[in-house]
Amino acid sequence: MPPRLPVPQGLRTLSLCLRPSPPSTTTPALSHLPLIQTANVSQKTKEKRKEMKRRMKQDPYGWAQTQQRKNANLRRRAELEAERKEAWGSPIHGITTPFVESFDSGGQAPLSTPPVDGDGNPLAPPHELPTSPHLANYLLTKEEIEQAIEQSKRLTKPLDEDTHTDLKQHEENVAKAIIALQRITDLNNGSAKDRKHANKRRCIETFGRHVTDVTLDHAAPHPSINAPQGPKPVRAGPDTGSSEVQIAILTSKIRAVALSLEGHKGYKDKNNKRSLRLLLHKRQRLLKYMEKKERGSERWQFMLKTLGITPACWKNQIEV
1 MPPRLPVPQG
11 LRTLSLCLRP
21 SPPSTTTPAL
31 SHLPLIQTAN
41 VSQKTKEKRK
51 EMKRRMKQDP
61 YGWAQTQQRK
71 NANLRRRAEL
81 EAERKEAWGS
91 PIHGITTPFV
101 ESFDSGGQAP
111 LSTPPVDGDG
121 NPLAPPHELP
131 TSPHLANYLL
141 TKEEIEQAIE
151 QSKRLTKPLD
161 EDTHTDLKQH
171 EENVAKAIIA
181 LQRITDLNNG
191 SAKDRKHANK
201 RRCIETFGRH
211 VTDVTLDHAA
221 PHPSINAPQG
231 PKPVRAGPDT
241 GSSEVQIAIL
251 TSKIRAVALS
261 LEGHKGYKDK
271 NNKRSLRLLL
281 HKRQRLLKYM
291 EKKERGSERW
301 QFMLKTLGIT
311 PACWKNQIEV
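If you're matching positions, the sequence shown starts at 1 in UniProt numbering and goes up one per residue.
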(Lines of atoms letter the chains of each structure in order from A; the text may use other names.)
(Lines give C-alpha, C1' and ligand atoms only; values in the text may rest on other atoms or scores of the structure.)
Protein backbone atom coordinates (compact mmCIF):
# COMPACT_ATOMS: atom_id res chain seq x y z
CA MET A 1 0.00 0.00 0.00
CA PRO A 2 1.47 3.43 -0.91
CA PRO A 3 2.32 5.73 2.01
CA ARG A 4 0.00 8.57 2.95
CA LEU A 5 0.95 12.06 4.09
CA PRO A 6 -0.66 13.59 7.22
CA VAL A 7 -2.48 16.86 6.60
CA PRO A 8 -3.67 19.62 9.03
CA GLN A 9 -6.97 19.25 10.92
CA GLY A 10 -8.77 21.82 8.79
CA LEU A 11 -8.01 19.93 5.56
CA ARG A 12 -9.89 16.73 6.29
CA THR A 13 -11.55 16.80 2.88
CA LEU A 14 -8.21 16.15 1.19
CA SER A 15 -6.40 12.84 1.12
CA LEU A 16 -2.90 12.75 -0.31
CA CYS A 17 -1.50 9.57 -1.74
CA LEU A 18 2.07 9.12 -3.02
CA ARG A 19 2.56 6.64 -5.81
CA PRO A 20 6.06 5.64 -6.90
CA SER A 21 6.90 6.21 -10.54
CA PRO A 22 7.30 2.87 -12.33
CA PRO A 23 10.23 2.31 -14.67
CA SER A 24 9.58 3.83 -18.04
CA THR A 25 11.07 0.86 -19.83
CA THR A 26 8.50 -1.65 -18.63
CA THR A 27 5.33 0.47 -18.49
CA PRO A 28 5.90 3.68 -20.39
CA ALA A 29 2.17 4.55 -20.27
CA LEU A 30 2.13 4.86 -16.46
CA SER A 31 5.13 7.14 -16.29
CA HIS A 32 2.96 10.16 -17.11
CA LEU A 33 0.87 9.76 -13.86
CA PRO A 34 1.56 12.42 -11.20
CA LEU A 35 3.44 11.42 -8.09
CA ILE A 36 0.80 13.05 -5.80
CA GLN A 37 -2.91 12.49 -6.42
CA THR A 38 -5.75 14.19 -4.52
CA ALA A 39 -9.19 12.79 -3.77
CA ASN A 40 -12.11 14.80 -2.34
CA VAL A 41 -13.96 12.88 0.41
CA SER A 42 -16.58 15.59 1.00
CA GLN A 43 -18.55 14.73 -2.10
CA LYS A 44 -21.42 13.34 0.00
CA THR A 45 -21.70 16.63 1.87
CA LYS A 46 -21.95 18.57 -1.38
CA GLU A 47 -24.59 16.21 -2.72
CA LYS A 48 -26.59 16.57 0.51
CA ARG A 49 -26.50 20.36 0.21
CA LYS A 50 -27.65 20.19 -3.41
CA GLU A 51 -30.55 17.95 -2.37
CA MET A 52 -31.56 20.40 0.39
CA LYS A 53 -31.53 23.32 -2.07
CA ARG A 54 -33.57 21.31 -4.56
CA ARG A 55 -36.20 20.47 -1.94
CA MET A 56 -36.31 24.08 -0.77
CA LYS A 57 -37.05 25.27 -4.33
CA GLN A 58 -39.57 22.54 -5.15
CA ASP A 59 -41.61 22.69 -1.88
CA PRO A 60 -40.95 25.89 0.13
CA TYR A 61 -43.89 25.27 2.48
CA GLY A 62 -42.76 21.77 3.38
CA TRP A 63 -39.23 23.04 3.82
CA ALA A 64 -40.44 25.72 6.24
CA GLN A 65 -42.37 23.12 8.25
CA THR A 66 -39.27 20.94 8.43
CA GLN A 67 -37.22 23.84 9.74
CA GLN A 68 -39.88 24.66 12.34
CA ARG A 69 -39.89 21.08 13.60
CA LYS A 70 -36.11 21.09 13.72
CA ASN A 71 -35.97 24.36 15.69
CA ALA A 72 -38.64 23.12 18.11
CA ASN A 73 -36.65 19.94 18.63
CA LEU A 74 -33.48 21.93 19.30
CA ARG A 75 -35.27 24.18 21.81
CA ARG A 76 -36.70 21.16 23.62
CA ARG A 77 -33.26 19.53 23.73
CA ALA A 78 -31.81 22.71 25.23
CA GLU A 79 -34.57 22.78 27.89
CA LEU A 80 -33.99 19.15 28.81
CA GLU A 81 -30.25 19.72 29.00
CA ALA A 82 -30.80 22.69 31.34
CA GLU A 83 -33.12 20.60 33.53
CA ARG A 84 -30.59 17.76 33.70
CA LYS A 85 -27.82 20.20 34.55
CA GLU A 86 -29.91 21.74 37.35
CA ALA A 87 -30.88 18.31 38.72
CA TRP A 88 -27.24 17.23 38.62
CA GLY A 89 -26.43 19.98 41.13
CA SER A 90 -23.12 21.01 42.61
CA PRO A 91 -20.65 18.45 44.03
CA ILE A 92 -20.14 20.73 47.05
CA HIS A 93 -23.54 22.17 47.94
CA GLY A 94 -25.85 19.99 45.88
CA ILE A 95 -29.14 21.89 46.01
CA THR A 96 -29.26 24.16 49.05
CA THR A 97 -32.28 23.38 51.25
CA PRO A 98 -33.68 25.25 54.29
CA PHE A 99 -32.26 22.61 56.64
CA VAL A 100 -28.77 23.10 55.22
CA GLU A 101 -29.13 26.89 55.45
CA SER A 102 -30.02 26.56 59.13
CA PHE A 103 -26.51 25.14 59.76
CA ASP A 104 -25.14 28.69 59.57
CA SER A 105 -26.84 29.70 62.84
CA GLY A 106 -26.92 26.33 64.58
CA GLY A 107 -30.71 26.16 64.16
CA GLN A 108 -31.41 29.43 65.97
CA ALA A 109 -32.34 31.88 63.17
CA PRO A 110 -36.02 31.62 62.15
CA LEU A 111 -35.46 33.33 58.77
CA SER A 112 -32.78 33.00 56.10
CA THR A 113 -30.32 35.72 55.13
CA PRO A 114 -30.94 36.55 51.44
CA PRO A 115 -28.08 37.65 49.18
CA VAL A 116 -27.63 41.39 48.63
CA ASP A 117 -26.41 43.48 45.71
CA GLY A 118 -23.65 46.07 45.69
CA ASP A 119 -25.85 48.66 47.43
CA GLY A 120 -26.89 46.28 50.20
CA ASN A 121 -30.43 45.68 48.89
CA PRO A 122 -31.74 42.10 49.29
CA LEU A 123 -32.14 40.22 46.01
CA ALA A 124 -34.87 37.89 47.33
CA PRO A 125 -37.27 37.84 50.30
CA PRO A 126 -36.20 35.74 53.31
CA HIS A 127 -37.89 32.39 53.89
CA GLU A 128 -38.51 30.31 57.01
CA LEU A 129 -35.89 27.89 58.31
CA PRO A 130 -36.26 24.87 60.59
CA THR A 131 -35.08 25.77 64.08
CA SER A 132 -34.04 23.97 67.25
CA PRO A 133 -34.84 26.45 70.05
CA HIS A 134 -34.38 23.80 72.74
CA LEU A 135 -30.62 23.63 72.13
CA ALA A 136 -28.22 25.77 74.13
CA ASN A 137 -24.48 26.26 74.26
CA TYR A 138 -22.04 23.97 76.13
CA LEU A 139 -24.02 20.84 75.09
CA LEU A 140 -26.98 21.92 77.23
CA THR A 141 -30.71 22.15 76.58
CA LYS A 142 -33.18 24.79 77.71
CA GLU A 143 -34.91 22.22 79.91
CA GLU A 144 -31.68 21.38 81.76
CA ILE A 145 -30.98 25.08 82.33
CA GLU A 146 -34.47 25.67 83.73
CA GLN A 147 -34.12 22.70 86.08
CA ALA A 148 -30.74 23.99 87.29
CA ILE A 149 -32.21 27.47 87.90
CA GLU A 150 -35.12 26.07 89.89
CA GLN A 151 -32.82 23.92 92.00
CA SER A 152 -30.40 26.76 92.72
CA LYS A 153 -33.31 29.08 93.53
CA ARG A 154 -34.65 26.56 96.02
CA LEU A 155 -31.23 25.96 97.62
CA THR A 156 -30.38 29.67 98.01
CA LYS A 157 -33.80 30.78 99.22
CA PRO A 158 -33.61 32.48 102.69
CA LEU A 159 -35.13 30.80 105.71
CA ASP A 160 -38.55 31.73 107.04
CA GLU A 161 -37.16 33.73 109.93
CA ASP A 162 -35.25 36.03 107.59
CA THR A 163 -36.59 39.49 106.92
CA HIS A 164 -38.55 40.67 103.92
CA THR A 165 -35.49 42.55 102.70
CA ASP A 166 -33.50 39.33 102.36
CA LEU A 167 -36.26 37.72 100.30
CA LYS A 168 -36.41 40.72 97.96
CA GLN A 169 -32.62 40.70 97.54
CA HIS A 170 -32.75 36.99 96.79
CA GLU A 171 -35.30 37.51 94.02
CA GLU A 172 -33.17 40.24 92.46
CA ASN A 173 -30.10 38.00 92.53
CA VAL A 174 -32.02 35.16 90.92
CA ALA A 175 -33.28 37.47 88.13
CA LYS A 176 -29.73 38.66 87.43
CA ALA A 177 -28.44 35.08 87.40
CA ILE A 178 -31.14 34.03 84.91
CA ILE A 179 -30.19 36.88 82.55
CA ALA A 180 -26.50 35.98 82.84
CA LEU A 181 -27.17 32.29 82.14
CA GLN A 182 -29.29 33.14 79.12
CA ARG A 183 -26.48 35.24 77.66
CA ILE A 184 -23.81 32.64 78.38
CA THR A 185 -25.75 29.68 76.98
CA ASP A 186 -27.19 31.49 73.94
CA LEU A 187 -25.87 29.93 70.73
CA ASN A 188 -26.08 33.28 68.95
CA ASN A 189 -23.26 34.47 71.23
CA GLY A 190 -21.20 31.32 70.69
CA SER A 191 -18.34 30.59 68.33
CA ALA A 192 -18.20 28.53 65.14
CA LYS A 193 -17.10 25.53 67.20
CA ASP A 194 -20.20 25.84 69.40
CA ARG A 195 -22.44 25.96 66.31
CA LYS A 196 -20.66 22.88 64.94
CA HIS A 197 -21.49 20.90 68.08
CA ALA A 198 -25.09 22.14 67.93
CA ASN A 199 -25.39 21.03 64.30
CA LYS A 200 -24.08 17.57 65.22
CA ARG A 201 -26.82 17.23 67.83
CA ARG A 202 -29.43 18.40 65.30
CA CYS A 203 -28.25 15.84 62.73
CA ILE A 204 -28.46 13.05 65.31
CA GLU A 205 -31.98 14.14 66.31
CA THR A 206 -33.13 14.35 62.68
CA PHE A 207 -31.45 11.38 60.97
CA GLY A 208 -30.67 9.02 63.85
CA ARG A 209 -32.20 5.60 63.41
CA HIS A 210 -33.60 5.69 66.93
CA VAL A 211 -36.00 8.26 65.38
CA THR A 212 -36.31 7.15 61.76
CA ASP A 213 -37.01 3.51 62.69
CA VAL A 214 -40.31 4.74 64.12
CA THR A 215 -41.22 7.44 61.58
CA LEU A 216 -39.88 5.95 58.29
CA ASP A 217 -39.92 2.60 56.54
CA HIS A 218 -36.47 1.17 56.01
CA ALA A 219 -35.44 -1.29 53.34
CA ALA A 220 -36.45 -4.89 54.00
CA PRO A 221 -33.54 -7.19 54.90
CA HIS A 222 -32.35 -9.71 52.37
CA PRO A 223 -33.79 -13.21 52.91
CA SER A 224 -31.18 -15.46 54.40
CA ILE A 225 -31.19 -18.74 56.24
CA ASN A 226 -28.77 -17.44 58.85
CA ALA A 227 -30.69 -14.19 59.39
CA PRO A 228 -31.75 -13.74 63.03
CA GLN A 229 -35.43 -14.27 63.71
CA GLY A 230 -37.60 -12.11 65.93
CA PRO A 231 -37.76 -8.37 66.61
CA LYS A 232 -34.66 -6.20 66.58
CA PRO A 233 -33.22 -5.22 69.94
CA VAL A 234 -34.05 -1.77 71.24
CA ARG A 235 -31.28 0.81 70.93
CA ALA A 236 -29.61 1.76 74.16
CA GLY A 237 -29.16 5.41 73.19
CA PRO A 238 -29.19 7.89 70.33
CA ASP A 239 -27.82 6.69 67.01
CA THR A 240 -24.55 8.42 66.11
CA GLY A 241 -22.85 5.99 63.72
CA SER A 242 -25.34 5.41 60.89
CA SER A 243 -24.39 6.46 57.40
CA GLU A 244 -27.08 9.12 57.10
CA VAL A 245 -26.03 10.72 60.40
CA GLN A 246 -22.39 10.85 59.33
CA ILE A 247 -23.38 12.24 55.91
CA ALA A 248 -25.44 14.99 57.55
CA ILE A 249 -22.57 15.92 59.89
CA LEU A 250 -20.14 15.99 56.96
CA THR A 251 -22.57 18.20 55.03
CA SER A 252 -22.60 20.75 57.85
CA LYS A 253 -18.79 20.77 57.92
CA ILE A 254 -18.57 21.05 54.13
CA ARG A 255 -20.90 24.06 54.10
CA ALA A 256 -18.87 25.85 56.77
CA VAL A 257 -15.56 25.26 54.96
CA ALA A 258 -17.00 26.09 51.52
CA LEU A 259 -18.48 29.39 52.72
CA SER A 260 -15.15 30.39 54.22
CA LEU A 261 -13.41 29.63 50.91
CA GLU A 262 -16.01 31.62 48.97
CA GLY A 263 -15.37 34.66 51.17
CA HIS A 264 -12.79 37.40 50.83
CA LYS A 265 -9.38 36.00 49.81
CA GLY A 266 -10.58 32.47 50.38
CA TYR A 267 -8.67 31.29 47.32
CA LYS A 268 -5.44 31.70 49.31
CA ASP A 269 -6.50 29.27 52.04
CA LYS A 270 -4.74 26.12 50.82
CA ASN A 271 -5.30 24.25 54.10
CA ASN A 272 -9.08 24.63 54.01
CA LYS A 273 -9.13 23.73 50.31
CA ARG A 274 -7.41 20.44 51.08
CA SER A 275 -9.79 19.85 54.02
CA LEU A 276 -12.75 20.45 51.70
CA ARG A 277 -11.48 17.81 49.26
CA LEU A 278 -11.06 15.27 52.05
CA LEU A 279 -14.56 15.94 53.41
CA LEU A 280 -16.14 15.69 49.94
CA HIS A 281 -14.47 12.37 49.13
CA LYS A 282 -15.35 10.94 52.54
CA ARG A 283 -19.00 11.92 52.02
CA GLN A 284 -18.87 10.46 48.51
CA ARG A 285 -17.74 7.08 49.85
CA LEU A 286 -20.52 7.05 52.43
CA LEU A 287 -23.12 8.02 49.84
CA LYS A 288 -22.01 5.23 47.49
CA TYR A 289 -22.20 2.73 50.35
CA MET A 290 -25.64 3.92 51.45
CA GLU A 291 -26.93 3.94 47.87
CA LYS A 292 -25.95 0.27 47.59
CA LYS A 293 -27.61 -0.62 50.91
CA GLU A 294 -30.58 1.76 51.21
CA ARG A 295 -31.44 2.87 47.65
CA GLY A 296 -35.19 3.17 47.20
CA SER A 297 -36.01 3.21 50.91
CA GLU A 298 -37.73 6.11 52.65
CA ARG A 299 -34.61 6.63 54.72
CA TRP A 300 -32.57 7.29 51.56
CA GLN A 301 -35.21 9.56 50.00
CA PHE A 302 -35.65 11.52 53.24
CA MET A 303 -31.91 12.15 53.49
CA LEU A 304 -31.62 13.31 49.85
CA LYS A 305 -34.61 15.65 50.18
CA THR A 306 -33.60 17.17 53.52
CA LEU A 307 -29.91 17.70 52.73
CA GLY A 308 -30.33 18.53 49.03
CA ILE A 309 -27.94 15.76 47.97
CA THR A 310 -27.72 15.41 44.17
CA PRO A 311 -25.97 12.82 41.95
CA ALA A 312 -23.03 15.21 41.55
CA CYS A 313 -22.20 14.64 45.23
CA TRP A 314 -21.34 10.95 44.82
CA LYS A 315 -21.11 10.13 41.09
CA ASN A 316 -18.14 10.64 38.78
CA GLN A 317 -14.90 12.31 39.87
CA ILE A 318 -15.23 15.26 42.25
CA GLU A 319 -12.81 18.10 41.53
CA VAL A 320 -12.71 21.39 43.48
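From the three backbone atoms N, C-alpha and C, an ideal C-beta is built for every residue, glycine too.
Check: residue i C-beta below 8 Å from any heavy atom of the ligand SAH
{"i": "T212", "result": "What this structure holds is no ligand at all, so the ligand SAH is not there to describe."}
Three-state secondary structure (DSSP) of residue i
{"i": "V116", "result": "strand"}
{"i": "A39", "result": "Confidence at A39 is low in this model, with a pLDDT of 49, below 50, so its placement is unreliable and no value can be given for it."}
{"i": "P122", "result": "strand"}
{"i": "R255", "result": "helix"}
{"i": "A136", "result": "strand"}
{"i": "V320", "result": "coil"}
{"i": "L159", "result": "coil"}
{"i": "residue 336", "result": "This structure cannot speak to residue 336, because the chain is shown only from 1 to 320."}
{"i": "P233", "result": "coil"}
{"i": "S242", "result": "coil"}
The alpha helix (DSSP H) enclosing residue i, as first and last residue numbers
{"i": "S302", "result": "Per the sequence shown, residue 302 should be read as Phe rather than Ser. Element bounds for F302: 298 to 307."}
{"i": "K293", "result": "270 to 294"}
{"i": "A180", "result": "164 to 184"}
{"i": "residue 322", "result": "This structure gives no information on residue 322, because the portion of the chain shown stretches from 1 to 320."}
Neighbourhood of residue i by C-beta, 8 Å cutoff - its chain only, sequence neighbours within 5 removed
{"i": "S242", "result": "F207, G208, R209"}
{"i": "I178", "result": "I149"}
{"i": "K253", "result": "K196, L279"}
{"i": "D166", "result": "P158"}
Neighbourhood of residue i by C-beta, 7 Å cutoff - its chain only, sequence neighbours within 5 removed
{"i": "L261", "result": "D269, N272, K273, L276"}
{"i": "K189", "result": "Sequence check: residue 189 is Asn here, not Lys. The answer, listed in chain order, is R183."}
Residues bridged to residue i [DSSP beta-bridge criterion]
{"i": "E128", "result": "L111"}
{"i": "S90", "result": "G94"}
{"i": "T141", "result": "L135"}
Same chain, Cβ closer than 6 Å to residue i, five either side skipped, listed in chain order
{"i": "M303", "result": "E244"}
{"i": "H134", "result": "T141, K142"}
{"i": "F103", "result": "N199, S252, R255"}
Open item on the list: Counting beta carbon pairs with one atom in the segment 248 to 258 and one in the segment 194 to 203, are three or more of them shorter than 8 Å?
Closed with: yes
Task: Any 3 or more C-beta pairs closer than 8 Å across the segment 302 to 314 and the segment 67 to 83 - done: no
Open item on the list: Whether or not the segment 129 to 143 and the segment 97 to 116 are in contact is what I'm after, with contact meaning three or more pairs of Cβ atoms, one per stretch, closer than 8 Å; do they touch?
Closed with: yes
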